[in-house]
Structures are given as structure tokens and as C-alpha cells.
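Enquirer:
Chains as they are written, first to last, in the numbering used here: chain A, 1 to 421; chain B, 1 to 283.
(1) Can you confirm whether residue 273 of chain B, when its beta carbon is compared against all beta carbons of chain A, has any partner nearer than 8 Å?
(2) Determine the direct distance from the alpha carbon of residue 154 of chain A to that of residue 289 of chain A, and round the result to whole angstroms.
(3) Taking 8 Å as the CB-CB cut-off, is residue 12 of chain B touching chain A?
(4) Go ahead and label residue 330 of chain B buried or exposed: buried means 16 or more other beta carbons lie within 10 angstroms of its beta carbon, across all protein chains shown.
(5) Per DSSP, residue 428 of chain A forms a beta bridge with which residues?
(6) What does a CB cutoff of less than 6 Å around residue 325 of chain A pick up in its chain, not counting 5 residues either side in sequence?
(7) Interface residues of chain C around residue 116 of chain B at Cβ under 7 Å?
(8) Taking beta-carbon pairs under 7 Å, can you tell me which members of the stretch 69-90 of chain B lie near chain A?
(9) How many angstroms separate the CA atom of residue 366 of chain A from the CA atom of residue 301 of chain A?
(10) Hey, is residue 311 of chain A's beta-carbon within less than 8 Å of any beta-carbon in chain B?
(11) Taking a Cβ distance cut-off of 7 Å, strictly less, list which residues of the stretch 131-150 of chain A are near chain B, in chain order.
(12) Using a Cβ-Cβ cut-off of 8 Å (strictly less than) and excluding sequence neighbours within five positions of residue 338 of chain A, which residues of its own chain qualify?
(13) Any chance the stretch 397-413 of chain A sits against the stretch 59-73 of chain A, with 3 or more Cβ pairs inside 8 Å?
(14) Please classify residue 141 of chain A: does DSSP put it in a helix, a strand, or coil?
(15) Per DSSP, residue 282 of chain A forms a beta bridge with which residues?
(16) Measuring CB to CB, does residue 385 of chain A end up less than 8 Å from residue 271 of chain A?
(17) So with CB distances below 9 Å, who are the chain A contacts of residue 278 of chain B?
(18) Can you give the Cα-Cα distance for residue 233 of chain A and residue 75 of chain A, rounded to whole angstroms?
(19) Only counting the same chain, and skipping five residues up and downstream in sequence, which positions put a Cβ closer than 7 Å to that of residue 163 of chain A?
(20) Can you find at least 3 beta carbon pairs, one from the stretch 169-189 of chain B and one from the stretch 102-111 of chain B, that sit closer than 8 Å?
(21) List the residues of chain B whose Cβ lies closer than 7 Å to the Cβ of residue 107 of chain A, in chain order.
(22) Whole angstroms is fine: what's the gap from residue 369 of chain A's alpha carbon to residue 345 of chain A's?
(23) Whole angstroms are fine: how far does the CA of residue 254 of chain B sit from the CA of residue 277 of chain B?
(24) Just confirm the distance between the C-beta atoms of residue 87 of chain B and residue 66 of chain B, as a whole number of angstroms; I'd bet it's less than 8 Å.
(25) Excluding the 5 residues flanking residue 228 of chain A on each side, which residues of the same chain have their C-beta closer than 6 Å to its C-beta?
(26) Per DSSP, residue 71 of chain A is paired with what?
(27) Run through the stretch 100-146 of chain B for me and flag every whole alpha helix (DSSP H) of 4 or more residues, listed as ranges in chain order.
(28) Under a CB-based cut-off of 8 Å, is residue 291 of chain A close to chain B?
(29) If you reduce the DSSP assignment to three classes, tell me which class residue 160 of chain B lands in.
(30) Hey, could you find the ends of the beta strand (DSSP E) residue 7 of chain B is sitting in?
(31) How should residue 167 of chain A be labelled, buried or exposed, when 16 other C-beta atoms within 10 angstroms of its C-beta is the threshold for buried?
(32) Between residue 119 of chain B and chain A, is the shortest Cβ-Cβ distance under 8 Å, so that the two count as touching?
(33) Please list the residues of the stretch 109-121 of chain A that have a C-beta atom closer than 9 Å to any C-beta atom in chain B, keeping them in chain order.
(34) Where residue 151 of chain A and residue 416 of chain A are concerned, what is the direct C-alpha to C-alpha distance, given to the nearest angstrom?
(35) Hey, would you say residue 174 of chain B sits closer than 8 Å to residue 97 of chain B, going by beta carbons?
(36) Apply the 10 Å Cβ neighbour rule to residue 175 of chain A and answer buried if 16 or more other Cβ atoms are within range, or exposed otherwise.
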């Protein structure tokens, strides 16, 4: 055992906007500094990578001063919000892009799987593509030959192996491509969210294979995903990126916990509209949750809760409807409530008004949830608020029996009866 | 815990030496080169009825057109050689050169998708282009040999000679020059797409500025330096001399393109190598 990968002071700068206009002048300026032995003038520029705020500089640091080490045989999960720098880090690790500053040192071959089926050629048969794709990923012909039967068996495409890939279904294509990649013999494997393909059976197979690769064969795996369930299942350590820097590094469950916190920290207990410069005919001005048991956003499952939305309209008689989505911690949508489904249908606007959505017996088990609210105008989404409210649910006596199923086994509580017949 | 530096098998850094060509890596990926060549060959003619016969038809019709337009109508001398053979020799060489040049000059832009997803020594791509075009060249070359044989049997004045031994070297020269040039252009198109348009008609114009349609002996003195500056002029002249026994042969016709090839290859590989590291951010 030892260190497999060591990343030191790794930074990557990108130029924003269109490359083209101004490129020559920047290139010349750079060159002028270089021949006089001065530092690249544009390296000093650059801002922290936060895609939500519009910056003043054309240059941003997609990654800034990243330091970490990965031990041999470790499965490191790399997590973070969209735009946190995950993909950039993977690109640097897999040598697709070069760092601006810093070094990566590694022991052994690195094979990366940023996309399933890179270089697949539609005209070639499955067999030919296995060899082509394997070679692109760095295998020798002899290696592929010795694993060919295994690859085909794993993909489950024996019957079609001599058919051109263009006749394959997309699922078959992905299976074959993943099978090739899964049989790579490199010491270090880098995987980007490719598991989110194929049917459930194949996904399980893919996760199983990844676990074998790591624990059985002692290889080092770096895994990037948004799916916390598969990260938790696969990885033993985690690296949390935020705005291009390392936010935390450690045991995977701690890291997932931290991710959930930074992901949820800006969610208010009450939503109030803030002028974003967009002119709307009608908008959601505020929203909050009321529950007769506990105030604020803490509610008890089984109790009645009300989601109260106040709108303001520039015109009266606009035809509107409201939709509410409830998401769990992992970002999966559990419930979709819509005024059009439940008999209330659409409403005509006044100058302003309040709409209440009443859930008589709240059916979700304990946990933390977020709520998105969307105002539709004439049947189309018009004003959408992501993460408008957060909701903390605590267990209550839903069934009136004092008993509840284990929250891990039942995410949703459903009223039901049992009869002898 | 202190790591010894020599333990690392791979070090990724922002900049590396211009001359660090990683030829070892290229060698390790040699199977990929073979796969690319096979792919090019199989995929191009799938679902065509005539298949590889297209390799024959295109140069054949070009030759016939040239024979009629330049030989009959314009009346340009071919130095006593049957015009059909004269033009076919030039076209076969030029086709190889221009096919390699056009394809390699598109290396980065055309493969941005795959280069953005997986690492392999980028040099493999231009190499594979040059090699797979040798196969096409071979087919056209066979056609040329068939015609040559026909003219020899019917007793025309063609005299293949000992300089045939130079032909493999000529092919290597063409491959190297087109690849070198192509890599430079390919590296520059990643930032400035303008070059992509330039290469399209540039290659066509360069053909008229070479000895594809006229022998060296017919070039007026004042244009001679200009036309002989095109390395393909010398190569085609030597090629014709070896197969047809026509024209003149000076050692400078071999020395010049050789030096040219060496310089352009070194330049090309350096520029290519430099851009390879950053192009994915600018392409």
C-alpha cells in the first residue's frame, strides 16, 4: 500500500466567453511579457468560480489550489454541486486538459472513463468496436483478445457482436462500451457518472463490477457522481469540491453530510421574492409553510401542513396554476403536487392573492426535504423557484398505532387497511 | 512519510520541454494506430456498391481530363512521354500528398470530441492518417503500374530504370512533408479557424505550382525558382524519371525535399506537441 495519486497546488484557469475576438491581442500581450521574462499577465486575473454571480474578469479559476492524496486501493468519491470543478479535475487527472499551475503525480497507468463509448464507429461491427474502443482506452490488442469473451459475456450482446453498431439499441451500445471499459487493466481508474445509463439490472451489474475492481483487485478508483446513493455504496473516502476548491476530504459519510449541508444552507425557512431584474406579469412574492403542530419548517409526518403562496400580478384575470415539487436530500423528486390535478384547477389573478395547498396527512418520513414552487401561466411554467423552502420532517404517529416502519425501508407513508376475507 | 521522486510513473505538469515527444508512449499505443487504420479502411467504403474501385475511378478520370485539357487542348509538352502516363504519375503522387495534408490539418478540430474525452498520444492520429492513405496510394499506384506495363508492351518510349530504388524514399518524403505541414496547420486552426478555409484552395493552387501538369524542362526560367521551391515539384520529377526515364535528374532534386522534410517534421512535431496540451481549452 502507498500513495497512488498525489495532487499538489493544482489550478486551472479558463477564459470565458467567445474565443476569437481579442484572442490575438491577448496572445500577443502574453508573448510580449514572455520574451521580456515576465509572468503571464492573465494569470493574475481570474475570480473564484461561482457561476451564479457575473464576474468582471474574462478569466476564472475553475480549480484553485487543490491538494489531496489518494491511497492505493482506495475508492474516492468526488462530489460537489454543478460547476464546482469536478469535471475539470477529472479532465486534468485523465490528461485531456493540462493544468495551469500545479502537478499531479501518479503510480501506474491511469485509464479514464469520462464518457461511455468514446470513438465508437457506427459502421463497424460490435467486435471491431470492442477492439477499437479498447485500443483508444489504452489496451493492447493482445490484452483485448484475452478478455474478449469476458467483455462480450458481460455486455450480454453475443448475438449482435458481428452486426454494425448503428443497428444497436442505445442500451446495447452502452452495455458494450461499459463492458470494454470495465475490463481495463490500469492501476488507476477514473469514472464520471457513467453508471447513470442502462436499465436497473445493468446498473446493478455495473456498480457490482466497480466494487470488484476496487476491493477485489486492489485498484484505485476515482468516482464522480451526483447520485449520493451510488457514491455511498461504492466509495470509502470522499472529496467535496465547492467553487473550485477543496471544501472537505475524509470518510465518505461525513463528506456526503457536508455536501448536503452546503447544498441546503441557502434555503430559507420562508421564501421572499427578490427583484431579479426580469419583468413578469405575475410572480410568486412569498411562500411559507404552516403546520398546526410545530411552527416554521419543522413538521411531523401525519399532521396537516399548508404550503402558502402569495402572488402579485400586474394584470387581473391571468390564467394561472401552481405546482409544488418535494425533493429528498439526494435531489430525487418524491412528490409532485399541482393545482390542476386536485380539482382546484386554474385560478384567475387579482392584483394579489394567496393560494394555499393543504396536505391533510403529510406522508413523508423523517428527514430533510426541499420544495420547489412553480407558477404556471396559461399552462406553461412561468415563474420557477428552485429550493424555495426547506422542510424538516420528524416522525409522528401517522397510523395512530404508535408504530412506524423503519424510515430506510419506507420513504412514504400510505394509509391502508388490512382485512380478513 | 517522504515519497521518493522516482516512485512516480506519471507526472502531469503545466509545461513540459518542447522536445519531450513521448515517443515511448506512441510506441506503447501502436495497436491503436493499427486500429485507426483498419477503421478508416473499413468504414469509408461500407455501404458503397463499388467499394475500393472508387480508388481507381477518381485518379483515372482526373488523368483523362488532364490529358484532354492540358495535353490536347492547351498543348503542354510532356517531354516525349505518353501524356496519360505523365499525368497519372503526377496525379498519383499529388493525390497522396494532398489527401494526407488535408486530413492531418484537421486533426485537432475534427477529433475534438474524442480528444476531449480520452487521452492517448495525439501523434497517433496524424500518423494513422498518413499510413491509411498509403493504402489508398497503393491502389492508385497499382493502376499506374498496369498502364505503365501496357505502354512498355506496346513499345512506347518509357524506360524504368535503377532510380526506382528511390521510390520508397520518395513516398516517405511525401508522407513526412504532408504530415509536418498538416500538423502545423492543425495546431493553428485550433485558435484561428481561418486556416481551415485557406487549406482547401491552397492545396489546389499548390498543385498548379508544382510539376503535376508540366515537366521541369518546360518551366520558363523566371518561374523556375518559385516552382522548384515547392518540394513536391522535385519529388514528382524524380518519380517520373525513375518510372518513365523522362526529364532530368539532379541530386538537388533529392537533397532539397529531404532537408525540407526534416525541417518541417521537427517544426510540426514541436508545434503539435505544444498545442496538444492546451487545445482542448480553445478549440
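Beta carbons: idealized from backbone N, C-alpha and C, even for Gly.
Expert: Considering the structure as presented:
(1) Counting from one through the second chain, the residue named residue 273 of chain B turns up at place 273. Not a single CB atom of chain A sits nearer than 8 Å to the CB of residue 273 of chain B.
(2) The residue given as residue 289 of chain A occupies position 289 in the first chain. The residue given as residue 154 of chain A occupies position 154 in the first chain. Each residue's CA atom was taken as its position, placing residue 289 of chain A and residue 154 of chain A some 50 Å apart.
(3) Here residue 12 of chain B refers to the residue found at position 12 of the second chain. Yes, its Cβ sits closer than 8 Å to a Cβ of chain A.
(4) In the structure as shown, chain B begins at 1 and stops at 283. Residue 330 of chain B is therefore absent and cannot be evaluated.
(5) Coverage of chain A is limited to positions 1 through 421, which leaves residue 428 of chain A absent and any answer about it impossible.
(6) As a first step, residue 325 of chain A must be located in the first chain, where it is residue number 325. Closer than 6 Å at Cβ, skipping near neighbours: 333, 336, 372.
(7) In the structure shown, chain C cannot be found, because the protein chains are A and B.
(8) Result list empty, no residue passes.
(9) Start at 1 with the first residue of the first chain, and residue 366 of chain A comes out as number 366. Start at 1 with the first residue of the first chain, and residue 301 of chain A comes out as number 301. In a straight line, the C-alpha of residue 366 of chain A is about 7 Å away from that of residue 301 of chain A.
(10) One-based indexing of the first chain puts residue 311 of chain A at position 311. No, residue 311 of chain A lies away from the interface with chain B (no Cβ there is under 8 Å from its Cβ).
(11) The residues in question are 131, 132, 135, 136, 137, 138, 140, 141.
(12) What you label residue 338 of chain A is simply residue 338 of the first chain in a count that begins at 1. Excluding sequence neighbours, residue 338 of chain A sits near 321, 322, 323, 324.
(13) They do not touch, by the three-pair rule.
(14) The sequence position of residue 141 of chain A within the first chain is 141, counting from 1. The DSSP-derived three-state label of residue 141 of chain A is helix.
(15) Mapped onto the first chain, residue 282 of chain A falls at position 282. Residue 282 of chain A pairs with A/313.
(16) Indexing the first chain from 1 puts residue 385 of chain A at position 385. Indexing the first chain from 1 puts residue 271 of chain A at position 271. The Cβ atoms of residue 385 of chain A and residue 271 of chain A lie closer than 8 Å to each other.
(17) Mapped onto the second chain, residue 278 of chain B falls at position 278. Residues of chain A with a Cβ closer than 9 Å to the Cβ of residue 278 of chain B are, in chain order, 97, 98.
(18) Against the first chain, residue 233 of chain A aligns to sequence position 233. Against the first chain, residue 75 of chain A aligns to sequence position 75. Computed Cα separation, rounded: 10 Å.
(19) As a working mapping, residue 163 of chain A is identified with position 163 in the first chain. Excluding residues within five positions, the ones whose Cβ falls inside 7 Å are 125, 126.
(20) Touching, per the Cβ criterion.
(21) Translated into the one-based positions of the first chain, residue 107 of chain A becomes position 107. Within chain B, the residues placing a beta-carbon under 7 Å from that of residue 107 of chain A are 7, 8, 9, ordered along the chain.
(22) The residue given as residue 369 of chain A occupies position 369 in the first chain. The residue given as residue 345 of chain A occupies position 345 in the first chain. Between residue 369 of chain A and residue 345 of chain A, the C-alpha separation is close to 26 Å.
(23) For the purposes of this step, residue 277 of chain B is identified with residue 277 of the second chain, where counting begins at 1. For the purposes of this step, residue 254 of chain B is identified with residue 254 of the second chain, where counting begins at 1. In this model, residue 277 of chain B and residue 254 of chain B are separated by some 35 Å (Cα to Cα).
(24) Here residue 87 of chain B corresponds to residue number 87 of the second chain, with the count starting at 1. Here residue 66 of chain B corresponds to residue number 66 of the second chain, with the count starting at 1. Residue 87 of chain B to residue 66 of chain B, Cβ: 4 Å. Contact.
(25) Numbered from 1 along the first chain, position 228 holds the residue referred to as residue 228 of chain A. Hits under 6 Å: 256, 330.
(26) One-based indexing of the first chain puts residue 71 of chain A at position 71. Under DSSP, residue 71 of chain A forms a beta bridge with A/3.
(27) The stretch 100-146 of chain B contains these whole alpha helix (DSSP H) runs: 107-110, 112-115.
(28) Walking along the first chain from the start, residue 291 of chain A turns up at place 291. Closer than 8 Å: no.
(29) On the second chain, residue 160 of chain B is found 160 positions in, with the first residue counted as 1. Residue state, collapsed to three classes: coil.
(30) Counted from its first residue, the second chain places residue 7 of chain B at position 7. Residue 7 of chain B -> no beta strand (DSSP E), and no H or E assigned at all.
(31) For the purposes of this step, residue 167 of chain A is taken as residue 167 along the first chain, with counting starting at 1. With fewer than 16 other Cβ atoms within 10 Å, it is exposed.
(32) Mapped onto the second chain, residue 119 of chain B falls at position 119. Flagged as an interface residue toward chain A: residue 119 of chain B, by a C-beta distance shorter than 8 Å.
(33) Within the stretch 109-121 of chain A, the residues whose Cβ lies closer than 9 Å to some Cβ of chain B are 109, 110, 111, 112, 113, 114, 115, 118, 119, 121, listed in chain order.
(34) Start at 1 with the first residue of the first chain, and residue 151 of chain A comes out as number 151. Start at 1 with the first residue of the first chain, and residue 416 of chain A comes out as number 416. Straight-line Cα distance between these residues: approximately 47 Å.
(35) By one-based count along the second chain, residue 174 of chain B stands at place 174. By one-based count along the second chain, residue 97 of chain B stands at place 97. In contact: residue 174 of chain B and residue 97 of chain B (Cβ atoms closer than 8 Å).
(36) Here residue 175 of chain A is taken as the residue at index 175 of the first chain, counted from 1. Under this definition residue 175 of chain A is a buried residue.
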